[in-house]
Amino acid sequence: KQEVTQIPAALSVPEGENLVLNCSFTDSAIYNLQWFRQDPGKGLTSLLLIQSSQREQTSGRLNASLDKSSGRSTLYIAASQPGDSATYLCAVSPRMDSSYKLIFGSGTRLLVRP
Amino acid sequence: DAGVTQSPTHLIKTRGQHVTLRCSPISGHKSVSWYQQVLGQGPQFIFQYYEKEERGRGNFPDRFSARQFPNYSSELNVNALLLGDSALYLCASSLGQGLAYEQYFGPGTRLTVT
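Residue numbers (the working numbering), protein chains in the order written: chain E, -7 to 106; chain P, 24 to 137.
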């Protein structure tokens, strides 16, 4: 059974710091991995999607890497800003599943202090 | 273009009651999925519908049911509500059913059961 874990559960950093969020998954048979952002009480905004054949994806100050063999992904945020404060969720889509479902981690709550 | 829309945004129900949540996918999207997100956890997959047929179901009791209409909008129904059903219910739409299609999430419906 695929399980997704995110560490740390919460993180508080001063503005301007570079930071790394971690995601691990137990079954390497995935089709892709996505990172989402969720503001309090709101829906999910997709940040980056990495196909299983890819090693990383970049968008602006965000860079996500994928190491399928070790079951790990990282989300790197450069020069953090208070507006980056949110919960970051990682999700995988199992390759052998007949429905396109996403399996999520519990998220990392990020607070960027001015 | 409008994104995924959900209604209502919030509602409060009493234990034992029934609730219907609604979702309108992005125009042209034929697949709708439902997720439940309990406070402090990641979303959990409930259902996927594609072309008006159920294509996937998560580990939820039979009190949960859904359907998709000819215009691809969807309803999630929950009977005999329990306190534990209190959660943010998220709807996601995609162009097709397969793993290659990215899912786009709506803002969610916050359900509180008292």
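Backbone N, C-alpha and C fix where the C-beta goes; we use that ideal spot for every residue, glycine too.
C-alpha of Q60 of chain P to C-alpha of E9 of chain E: approximately 30 angstroms in a straight line. Contact residues of the region 119 to 137 of chain P toward chain E are G119, Q120, G121, L122, A123, Y124, E125, Q126, Y127, F128, G129, P130, G131, R133 (C-beta to C-beta distance below 9 angstroms). Here the alpha carbons of G121 of chain P and D19 of chain E stand approximately 20 angstroms from one another. In this structure N24 of chain E touches L41 of chain E by the C-beta definition: roughly 6 angstroms separates them, less than 8 angstroms.
No Cβ of chain E is located within less than 9 angstroms of the beta carbon of P84 of chain P. Inter-segment contact for the region 83 to 99 of chain P and the region 62 to 81 of chain E is absent: fewer than three beta-carbon pairs are separated by less than 8 angstroms. The three-state reading of DSSP puts L105 of chain P in coil, since its state is none of H, G, I, E or B.
Within the DSSP bridge table, the entry for S4 of chain E names E:L103 as partners. Under the three-state reduction of DSSP output, G79 of chain P falls in the strand class.
Here I35 of chain P is exposed. Its C-beta has fewer than 16 other C-beta atoms within 10 Å. Under DSSP, S62 of chain E forms no beta bridge with any residue.
Within a 10 Å sphere around the beta-carbon of Q40 of chain P sit fewer than 16 other beta-carbons, which makes this residue exposed. Its chain contains Q29, L111, Y112, L113 as the residues whose beta carbon lies nearer than 7 angstroms to that of G131 of chain P, once the 5 sequence neighbours on both sides are disregarded; these appear in chain order.
Between L67 of chain E and S4 of chain E, the gap from beta carbon to beta carbon reaches 9 angstroms or more. Taking C-alpha positions only, T37 of chain P is separated from L106 of chain P by approximately 8 angstroms. With a 10 Å radius around the Cβ and a threshold of 16 neighbouring Cβ atoms, I95 of chain E comes out buried. Distance from the CA of R45 of chain P to the CA of V84 of chain E, rounded to the nearest whole angstrom, comes to 26 angstroms. Along the region 66 to 77 of chain P, going in chain order, the ones with a CB nearer than 8 angstroms to a CB of chain E are P66, Q67, F68, Q71. One thing to note: Y80 of chain E has its Cβ no nearer than 9 angstroms to the Cβ of Q(-6) of chain E.
The DSSP-derived three-state label of P130 of chain P is coil.
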